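A quick write-up on the structure given underneath.
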Amino acid sequence: SKVFNVAIKGDTLREANETLLISVVSLSGATAGDAQAVGTIANDD
Numbered sequence: 049s050k051v052f053n054v055a056i057k058g059d060t061l062r063e064a065n066e067t068l069l070i071s072v073v074s075l076s077g078a079t080a081g082d083a084q085a086v087g088t089i090a091n092d093d
C-alpha cells in the first residue's frame with residue numbers, strides 16, 4: 049500500500065462534496081490487488 053497527498057486548489061464557491069477516482073495504470077515489478085480507489089473532496093467553505 050502507499051499513502052500520497054493530493055493538492056486541492058480551493059475556491060470561494062459554495063458547492064457539494066466532490067468524488068475523486070484514482071486509478072493505477074502502470075506498475076513495474078508489482079501487481080495491483082485493486083487498481084482503483086474512490087475518495088471524497090469535502091467542501092470546506
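Take the sequence shown: its letters are residues 49 to 93, numbered as in the working numbering.
Ideal Cβ placement from N, Cα and C applies to all residues, glycine included.
None of these values were measured; they are calculated from a predicted model.
Look at the alpha carbon of Asn91 and the alpha carbon of Ile70, and state the distance between them as a whole number of angstroms. 19 Å
| message | If distances are taken between C-alpha atoms only, which option among Leu68, Thr60, Asp59 comes closest to Asn53? | response | Leu68
task = Have a look at Ser76, Asn65, Gly81 and flag the residue whose alpha-carbon is nearest the alpha-carbon of Ile56.
result = Asn65
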